[in-house]
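Just remember that the working numbering sits 14 ahead of the position in the sequence shown, which is counted from 1.
Each residue gets a CB set at the ideal place from its N, CA and C atoms; glycine is no exception.
Just so it is clear, the structure is predicted and the values come from calculations on it, not from any experiment.
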Amino acid sequence: MGPVLAGVLQLLALTGALALVYVPLGTYMARVYSSRRHLRVERWFYRGIGADPDAEMTWPAYLRALLAFSAVSVLFLYLLQRLQGFLPGSLGFASVSPSQSFNTAVSFVTNTNWQSYSGEQTMGHVVQTAGLAVQNFVSAAVGMAVAVALVRGFSRSRTGELGNFWSDLVRGTLRVLLPVAAVATVVLVACGAIQNFSGIHEVGQFMGGSQQWNGGAVASQEAIKELGTNGGGYFNANSAHPFENPTPFTNLLEIFLILVIPFSLTRTFGVLTGSARQGYAILATMGTIWLGFTALMMATEFAHHGPALQAAGGALEGKEVRFGVGGSSIFAVATTLTSTGAVDSFHSSFTGLGGGITMLGMMLGEISPGGVGSGLYGILVMAVIAVFIAGLMVGRTPEYLGKKIGAREMKLAACYILVTPALVLVFTAVSMALPTPPNSALNPGAHGFSEVLYAFTSAANNNGSAFAGLNANTDWFNTMTGLAMLLGRFVPMVFVLALAGSLAGQRPVPVTAGTLRTEKPLFTGLLVGAILIITGLTYFPALALGPLAEGLA
């Protein structure tokens, strides 16, 4: 079997598996977030934090609860790292430096999981399990809660209430993420991923010296790292490490975990709004972009330019031979079109155009299918903009799901789509203009610029992957990427929740002959075009200086 055919078969198997679970998982999540019943274990959590899960919240109250929870999480994780040297299970590692503790705390709380450190040489068992793994669950649940709040904004009318943040957080964690992650952990252990709390082992001689390997609760963290679109690896090599990702089957399983909740949330959206066809329209938009990017990535990485690539059957530099070009290409697209950031190959070693595709996937806003929760609310904001554009084109009042899209809604949507590009471009420009930060780039010229651009694109979009040539463990990059992650996560959430509150307060608009049918293929095409054009106009000049210049050289 040729490598191209193997890659295509993997893509078909993955698509079939996602289609198989789409309806049951999406419907289940809709029931989770609409149920009035609280489990006993959930009531324990509510009593512990002093929250009333039945109290409805307006969007400012929902936002305050979200920000308060996230602020406490950042502080807890920061202190846990700073005190690591005094904790049991530290494996002899010292406390983490202040700038790196800040960066890592912000990174995991914002669902970014950017890592400017080598996990197996920096973090002990307590920080990994009680700190990082816990944030893998709750940061994903926060994203799902915001998405559900926006969906309630579309489905409710003449009210300012969007549900209860604490209830949404606890249910998303305990009823959705925890059970699926537990099953995935068992499968990963059965396939060879490690799960233990052993110390550091000497495993023999390597290049004249001894080599050391760490144990750890790797499989359980790997499962939620992918399922929650987190991405932070136990080891520096991330999902290219055989302890995290042993076989081609586990590679495909991890891609499935990355995509399954973001795609299935479109079904949840359709059920909660009372129109499954609206969910299918959003799914079609996500699927079109995802399949298009995957095909484009495989084409660029299988292109045989020169005798070395012809002999290897593709661009194998920086890729695991266990997974090949096909598996690595599918993983790279999945991880950058979502907010995962996990890698099973190194994007800096992709072809110039292939590296550009990974960047463009993040620049789209990670909405195809996007991160857990963030992908759904991101694409719904784009749908609001597409409806407004359609209204301007035909001279009718823009409406979406029975809600008028007026000046207030468009201002909030416009602010949402402008925040992240502004962060990416401003931070990149400042870093390249100052004398010291560019020295962190390993490569000169266009590729060095791409390393810096990729770093801030990844941070502001809460992705977490990196072009491996950049030394990001400096005070400048730890601080600046930390700020980019904070602002890139929470400022857009402010606009999303404000938009949800504005929509929930409206009266529903009756459907007429002039209403744009947003469940039709025509709207799907319009939405795909709006996403690509808006992103292209925003980022094309920066891409032209980096990956496009390199790829066309």
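Ala163 and Thr354 have their alpha carbons spaced roughly 22 Å apart. Secondary structure in the stretch 103 to 157: the alpha helix (DSSP H) runs of 4 residues or longer, each lying completely within the stretch, are 112 to 123 and 133 to 136 in chain order.
In this structure, Gly368 lies near Glu315, with their beta-carbon atoms less than 7 Å apart.
Distances from the alpha-carbon of Thr352 to those of Leu105, Met311 and Leu271 put Leu271 closest. Across the set Gly496, Asn265 and Phe307, the C-alpha of Gly496 shows the shortest separation from the C-alpha of Tyr92.
Here the stretch 38 to 47 lies against the stretch 276 to 291, with 3 or more beta-carbon pairs under 8 Å apart.
The bridge partners DSSP lists for Ser359 are Lys333. The C-beta separation of Gln95 from Phe122 comes to about 10 Å, leaving the pair out of contact by the 8 Å criterion. For Arg422, the enclosing alpha helix (DSSP H) starts and ends at Ala421 to Ala447. When rounded, the separation of the alpha-carbon atoms in Pro452 and Gly379 is 25 Å. DSSP places Ala527 in the coil class of the three-state scheme, outside both helix and strand. At the C-beta level, Leu439 and Leu501 stay beyond 7 Å of one another. With a minimum length of 4 residues, the unbroken runs of alpha helix (DSSP H) contained wholly in the stretch 484 to 556 fall at 489 to 518. The C-beta distance from Phe307 to Val347 rounds to 5 Å, short enough to fall under 8 Å. Excluding the 5 residues flanking it on each side, Lys417 has same chain C-beta neighbours closer than 6 Å at Leu517 and Gln520, in chain order.
Per DSSP, reduced to three states, the secondary structure at Tyr248 is coil, with no helix or strand assignment. Counting C-beta pairs with one atom in each stretch, the stretch 224 to 239 and the stretch 192 to 204 have three or more that are closer than 8 Å, which means they touch. CA-to-CA, the gap between Lys333 and Tyr553 works out to about 27 Å. Runs of the beta strand (DSSP E) lying entirely within the stretch 220 to 291 and spanning at least 3 residues, in chain order: 223 to 228. In this model, Leu513 and Ser454 are separated by some 40 Å (Cα to Cα).
His461 carries a helical assignment under DSSP once its states are collapsed to helix, strand and coil.
The continuous alpha helix (DSSP H) containing Ser342 extends over residues Gly338 to Leu351. In this structure Thr299 touches Val542 by the C-beta definition: roughly 6 Å separates them, less than 8 Å.
If you compare the alpha carbons of Lys425, Tyr468, Ala427 and Cys429 with that of Met446, the shortest gap goes to Tyr468.
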